[in-house]
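Residue numbers (this note's numbering): 4 to 315.
For glycine and all other residues, C-beta sits at the position ideal for the given N, C-alpha and C.
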């Protein structure tokens, strides 16, 4: 187990605490917070010192420090990444030219599903890591928007699709599960990106796994589609693949932009997620505009619609 200690200003530590909100644990005496991720345990002290310790502390420290350390793949993770099925990515994929695909908005009541596939060349991997490209769930919306713009300015090839709420609700009523929608979105952005990059070499295509590959294949086969060659699946792929991480950033930036647009349409700020606060916002929309107004801004089959009626 390795460990790294670095000093950060209080403002940065509070940003860190907010970013790690979903993984916080009870902090030890004298600490501001403690969080646990797949790579490390992060403990921030009132003195300003932050301790990163675990299997891969560099991965977490590099998210915050200007003194970035070289990426060191964790041996245990690397061993688990070795293929034991045709759909597990080879360990060499992560340091080679490859395509990564990820989506955003699937667990949010308000807003669309946005999906993005990105092609990253081998020689661009370190550049994107130095930029701070990582899982979009670990960074703020402001940073996501900045990183997304930088990716576009670098002319990194990508394909983005937005499944708006009206279309989502229509497909759901026709019997499409959200899993099938996501599978078809991933297929669409990957297909478009393959056309865009032409004969550019790549070692593989990595999809952030949300269902077992056999179910994914069944979803797309029902619409006459099949997997492209060298397509792999991996849970939490954004922690391993810079291309998937870049896809998550662009997809999330698009989702945030759509949420701002829908908030203007609704005449009130729409919250992300599917909490009780979201229920109350939905109730206010029903009260002021009627339940039909939700069709354009929400995934109406979520339980939030039923819960919102209790506040009327």
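By the CB criterion at 8 Å, residue 44 and residue 9 fall outside the cutoff.
In the structure shown, the three-state DSSP call for residue 117 is strand.
In this structure, the straight-line span from the alpha carbon of residue 35 to that of residue 14 is close to 12 Å. For residue 112, no beta strand (DSSP E) segment is defined, and its DSSP state is neither H nor E. As DSSP reads the structure, residue 28 sits in a beta bridge with 37.
Annotation for residue 193: 102, 104, 120, 208, 231 place their beta carbon closer than 7 Å to its own, counting only its chain and skipping 5 residues before and after. Following the DSSP letters along the chain, one finds residue 270 in no alpha helix (DSSP H), marked with neither H nor E. The C-beta of residue 38 has 16 or more other C-beta atoms within 10 Å across all chains shown, which makes the residue buried. Sixteen is the threshold: when 16 or more other Cβ atoms of the shown chains lie within 10 Å of the Cβ of residue 184, as they do, the residue is buried. In the three-state DSSP reduction, residue 305 falls in the coil class, being neither helix nor strand. Counting only residues of its own chain and dropping the five nearest sequence neighbours on each side, residue 100 has a CB closer than 8 Å to the CB of 122, 123, 124, 125, 203, 204, 205, 206. The Cβ atoms of residue 92 and residue 171 lie no closer than 8 Å to each other. Residue 131 and residue 67 have their C-alpha atoms spaced approximately 15 Å apart. Beyond the five residues adjoining it in sequence on each side, residue 153 comes within less than 8 Å, by CB distance, of 134 in the same chain, given in chain order. Within the model, the alpha-carbon separation for residue 42 versus residue 6 is close to 11 Å. Here residue 280 has 274 as same chain residues with Cβ atoms under 6 Å from its own Cβ, once five neighbours each way along the sequence are excluded. In the displayed model, residue 88 falls within coil according to three-state DSSP, outside both helix and strand.
At a Cβ-Cβ threshold of 8 Å, residue 155 and residue 261 do not count as neighbours.
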